[in-house]
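13 is the number of the first residue of the sequence shown in this note's numbering; add one for each residue after it.
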Amino acid sequence: MTIREFKQLNLQKLKNSPSASLDLDVLLMHILDCDRTFLLLHNTDVIPQEKFEWLQNAVSKRTTGLPIAYITGSKEFYGYSFNVSPSVLIPKPDTEILVEETLSKIKSVAEKFPSQNIQICDMCTGSGCVAVSCNLSSEFSSRLNFTMADISPHALEVAKSNVEKHSLTNCELVQTNLFQNIQKKFHIITANPPYIPKDQTTELLLDGRSEPRLALDGDVLQDGKESCSTDGLEIMRRLVPQAFDHLLTEGWFLTEAGEYNAEETQKIFIQWGFKNTKILPDLEGQLRVIIGQKA
Numbered sequence: 013m014t015i016r017e018f019k020q021l022n023l024q025k026l027k028n029s030p031s032a033s034l035d036l037d038v039l040l041m042h043i044l045d046c047d048r049t050f051l052l053l054h055n056t057d058v059i060p061q062e063k064f065e066w067l068q069n070a071v072s073k074r075t076t077g078l079p080i081a082y083i084t085g086s087k088e089f090y091g092y093s094f095n096v097s098p099s100v101l102i103p104k105p106d107t108e109i110l111v112e113e114t115l116s117k118i119k120s121v122a123e124k125f126p127s128q129n130i131q132i133c134d135m136c137t138g139s140g141c142v143a144v145s146c147n148l149s150s151e152f153s154s155r156l157n158f159t160m161a162d163i164s165p166h167a168l169e170v171a172k173s174n175v176e177k178h179s180l181t182n183c184e185l186v187q188t189n190l191f192q193n194i195q196k197k198f199h200i201i202t203a204n205p206p207y208i209p210k211d212q213t214t215e216l217l218l219d220g221r222s223e224p225r226l227a228l229d230g231d232v233l234q235d236g237k238e239s240c241s242t243d244g245l246e247i248m249r250r251l252v253p254q255a256f257d258h259l260l261t262e263g264w265f266l267t268e269a270g271e272y273n274a275e276e277t278q279k280i281f282i283q284w285g286f287k288n289t290k291i292l293p294d295l296e297g298q299l300r301v302i303i304g305q306k307a
């Protein structure tokens, strides 16, 4: 079967996907190790049998709602390629706002303390995309020390694979329930914690996306107990004071939150003593990243 025939045959199978043609292109580019230009110029090429079998299986998975990134095992974020699995959230473009602002804070800390190495913690690291992207993109990378933390050992395995993929040697990975197993203090703490209300998490997962509830549900206590919270802020209420305690004086905490609870998150920041707080919008103009400084 040729590339063109494969696409024609499977467009109908993926009719429920809002991006069926793109989905097929991504699968083809992945298994054929090529770009979209190659697909256009070689659309009459016959697909090798073993790769055709992989593609058939991949299309079957996609019809269940499984995201393309989980099928290919990779996702681009901030211009870099990351390994992903259903143990971690798929990196989203809106989270690049968190990276951009963190890079800005790294620069300000580096210039303020020119003789110090900069200690950074990426809490709820997941795939490690925020920490790794900051590491690779900062002009001060030689002075950065990262602690990448997550409660999930499976997520940390993915993060470790991305640290190794990009040949980084300044990252420590820690399994911990928030800061429970972390003693040191940091110049900068970043986080993309679970922040979706419990009921909305259940709704989201009905589409077959297979993202881990542990990384989405902001009302999970993560210690086996039921939370009475339904606003998605149970974890944030624990994270913010712990982050404050683990920051050095004049250090910065930056976290992603949902547009529906970003303002409430900022109030929690202020309640626990953070100064110079602000909320940054995401690519669609929704409130997304909350920033605060320990005075």
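Heads up, the beta-carbon is just placed ideally off N, CA and C, and yes, glycines get one too.
- Residue environment: Leu34 is assigned as exposed (fewer than 16 neighbouring CB atoms within 10 Å of its CB, all protein chains considered).
- Checking the DSSP bridge columns, you'll see Ala161 partnered with Met135, Val186.
- DSSP lists no beta-bridge partner residue for Asn204.
- Judged by DSSP in its simplified three-state form, Asn129 adopts coil rather than helix or strand.
- Nearest to Glu246 by alpha-carbon distance, out of Glu275, Pro205, Ile282, is Pro205.
- Per DSSP, the beta-bridge partners of Glu268 are Val301.
- When Asn95, Thr76, Phe89 are compared, the shortest CA-CA separation from Val111 is found for Phe89.
- Collapsing the DSSP output to three states places Pro98 in coil.
- Assigned with DSSP and collapsed to three states, His199 falls in strand.
- Around the C-beta of Glu62, fewer than 16 other C-beta atoms lie within 10 Å, and the residue is accordingly described as exposed.
- Closest in C-alpha terms to Trp264, from the list Ile282, Lys279, Ile201, Val96, comes Ile201.
- Judged by DSSP in its simplified three-state form, Ser120 adopts helix.
- For the pair Ser164 and Ser99, the CB atoms are nearer than the 8 angstroms cut-off.
- For Phe198, the CB contacts under 8 angstroms within the same chain, skipping 5 residues up- and downstream, are Gln131, Ile132, Cys133, Thr159, His258, Leu259, Leu260, Gly263 in chain order.
- Taken atom to atom, the span from the alpha-carbon of Ser97 to that of Phe152 is near 30 angstroms.
- The C-beta of Asp47 has fewer than 16 other C-beta atoms within 10 Å across all chains shown, which makes the residue exposed.
- Non-local C-beta neighbours of Phe191 in its own chain, meaning closer than 6 angstroms and more than five positions away in sequence, comprise Gln254, His258, ordered along the chain.
- Excluding its 5 nearest sequence neighbours in each direction, Val232 has no C-beta neighbour in its own chain below 6 angstroms.
- The criterion of a C-beta distance shorter than 8 angstroms is not satisfied by Thr107 and Val38.
- If you keep only unbroken alpha helix (DSSP H) runs of at least 4 residues inside the stretch 13–100, you get 15–23, 32–44, 48–53, 61–75, 80–84.
- DSSP, read as helix, strand or coil, puts Lys287 in strand.
- Here Gln195 is exposed. Its C-beta has fewer than 16 other C-beta atoms within 10 Å.
- A distance below 8 angstroms separates the beta carbons of Pro103 and Phe94.
- Nearest to Asn189 by C-alpha distance, out of Glu123, Met248, Ile59, is Met248.
- Taking 8 angstroms as the upper bound for CB-CB distance, Ile43 and Leu23 are not in contact here, some 17 angstroms apart.
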